[in-house]
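Student:
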């Protein structure tokens, strides 16, 4: 059986962990792209992260020369704008 202390230590490590394997703009674009396939997840992304931050992530990808990530971000942003348009129609 795992001790309470070990569980607390593991949860603390997860809560404070930073993902250094990828740039922050990639994390935003990855989540935006993945969330498009599920309406609740997409709504959660827009609510928690926002399209302004996605736009900033796209700009960061472009500055970094990461054209693939920038393109995925632009596609996701276009999809979210289509979702918004459909919701207001």
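Numbering (the numbering used here), first residue to last: 7 to 95. We put the CB at the ideal spot given by N, CA and C, even for glycine. Please read all numbers here as calculations on a predicted model, not as lab measurements.
If residue 63 and residue 34 are in contact, beta carbons under 8 Å, what's the gap, nearest whole angstrom?
Tutor: Between residue 34 and residue 63 the Cβ distance is about 4 Å, and since that is below 8 Å, they are a contact.
Student: May I have the straight-line CA-CA distance separating residue 47 from residue 41, to the nearest angstrom?
Tutor: Between residue 47 and residue 41, the C-alpha separation is close to 5 Å.
Student: Between which two residues does the alpha helix (DSSP H) carrying residue 58 extend?
Tutor: Looking at the DSSP string, the run of the alpha helix (DSSP H) that includes residue 58 is 57-69.
Student: Please state if the CB of residue 31 and the CB of residue 82 are separated by a distance shorter than 8 Å.
Tutor: No. Outside cutoff.
Student: Would you identify the three-state DSSP class for residue 38, choosing helix, strand or coil?
Tutor: Correct three-state label for residue 38: helix.
Student: For residue 45 and residue 93, I'd like the C-alpha separation in whole angstroms.
Tutor: Their Cα atoms are separated by approximately 11 Å.
Student: DSSP three-state call for residue 44: helix, strand or coil?
Tutor: Coil.
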